[in-house]
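Protein chains in written order, with this note's numbering: chain A, 1 to 193; chain B, 1 to 193.
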DNA sequence: ACCAAAAACGAACGATCGTGCTAGAAAGGT
DNA sequence: ACCTTTCTAGCACGATCGTTCGTTTTTGGT
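Structure representation (structure tokens):
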């Protein structure tokens, strides 16, 4: 990996961490340069514009999320166990301000602002929702879920459960957030069997 | 109502609308002044600081939300009907970018930034969650919900359902968002009976 | 060791940010 | 109709925003 690519990755890593705290729109070339010990112009040269920086942060976060949540789940046995593994890894990232948080806050920030950032968020979400639905579908064909259950509805519902988790855990710092989320998830699974 | 108070309200109304689109942190004295046809300093004089403006916008949005969602629900017969009315009005505000959206995006924005704004968001949410739980509790004593159901868990779950709705409706503009949300809500009610 | 290419820097730009200060316009009670 | 209070505009400030440009340093292949 070339030197330039290495620093680009380092910047993106730091940017993703910052963005999951103060939001993707709150990112600033200046403060990001200060964080990484670079000059503003030196950092800027790696990205052609601020918007490009933001979309690259998003792409970087998606890779992170895939590594931390999706791929580990795919390692679990297909069907219900895989859905459960997905949930567990998803919760785990949420507890430590991982990549999941970035998508939650970014989605809320850009849900009404057309442009490439929003487009990318939409694409990523649809992709991920499809993956979830597919995992659930496999559970149906394995006979672990009711055959008349709706995979897309399950993906939607699970997403709502996770949004509720992020809200309760990060905003309210409720110690019960995880317990409530687990109950909600189990209820979801129970309703599908 | 004095002239000053009238313009203050007008500014807050416009600010709330803008904030529900681009976020509470995205508010700007300058652009807000341009929107309302005032000078920057003339507008600023009504609020002592930007942060004060933001907290006042939040307070204004809470009144709006109470008027549009909570109070109409309280007009419905107690118990399950009231919970259902709450849900209906909640969905209605979400469909037209009302006050509910502001809280969703603001919560995501400030969930990791300590300060008065976050504090106010937490207070408002706890208050509202208590109201929801209380409505549900009444449903229990009316015999419409299982006596061993957990009112706080219900409030948490319903909130998750609504977050899922806002996400699907506003980000993805899914036409099925409302239908999925209704199904999720009915499942929640069914599980409580 | 040389040298082209890549990477980082420093300075500067116009714009806009939030925030004061001061003078004038409007409002409203008398 | 006056006078005090309230409201609004104009102007300026330091800071920071994203971005450009020219120069200097570093890198890595030969």
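Beta carbons: idealized from backbone N, C-alpha and C, even for Gly.
Straight-line measurement puts the Cα of residue 182 (chain B) at about 26 Å from the Cα of residue 100 (chain A). With fewer than 16 other Cβ atoms from the protein chains shown falling within 10 Å of its own Cβ, residue 134 (chain B) counts as exposed. Taking C-beta atoms as the reference points, residue 18 (chain A) and residue 31 (chain A) count as a pair closer than 9 Å. Identification of residues in the segment 144-165 of chain B having a C-beta nearer than 7 Å to some C-beta of chain A yields 153, 156, 157, 159, 160, 161, 163 and 164, given in sequence order. Contact annotation: the segment 50-69 of chain B does not touch the segment 142-157 of chain B, with fewer than three C-beta pairs closer than 8 Å. Chain A places a beta carbon closer than 9 Å to that of residue 170 (chain B), counting this residue as a contact. Distance from the CA atom of residue 188 (chain A) to the CA atom of residue 161 (chain A), rounded to whole angstroms, is 9 Å.
Within chain B, no C-beta atom comes less than 8 Å from the C-beta of residue 94 (chain A); the nearest is roughly 11 Å away. Taking the C-beta atoms as reference points, residue 165 (chain A) is found nearer than 9 Å to residue 180 (chain A). Contacts with chain B (Cβ-Cβ distance below 8 Å) from the segment 14-32 of chain A involve 20, 21, 22, 23, 25 and 26, listed in chain order. For a Cβ distance threshold of 8 Å, residue set 21 and 22 of chain A lies close to residue 113 (chain B), ordered along the chain. For residue 36 (chain B), the CB contacts under 6 Å within the same chain, skipping 5 residues up- and downstream, are 11 and 14 in chain order. Neighbours of residue 105 (chain B) across chain A, judged by C-beta separation under 9 Å: 105, 108, 109, 111 and 112.
DSSP places residue 84 (chain A) inside the alpha helix (DSSP H), whose first and last residues are 80-95.
Distance from the CA atom of residue 21 (chain A) to the CA atom of residue 97 (chain A), rounded to whole angstroms, is 8 Å. Judged by DSSP in its simplified three-state form, residue 169 (chain A) adopts helix.
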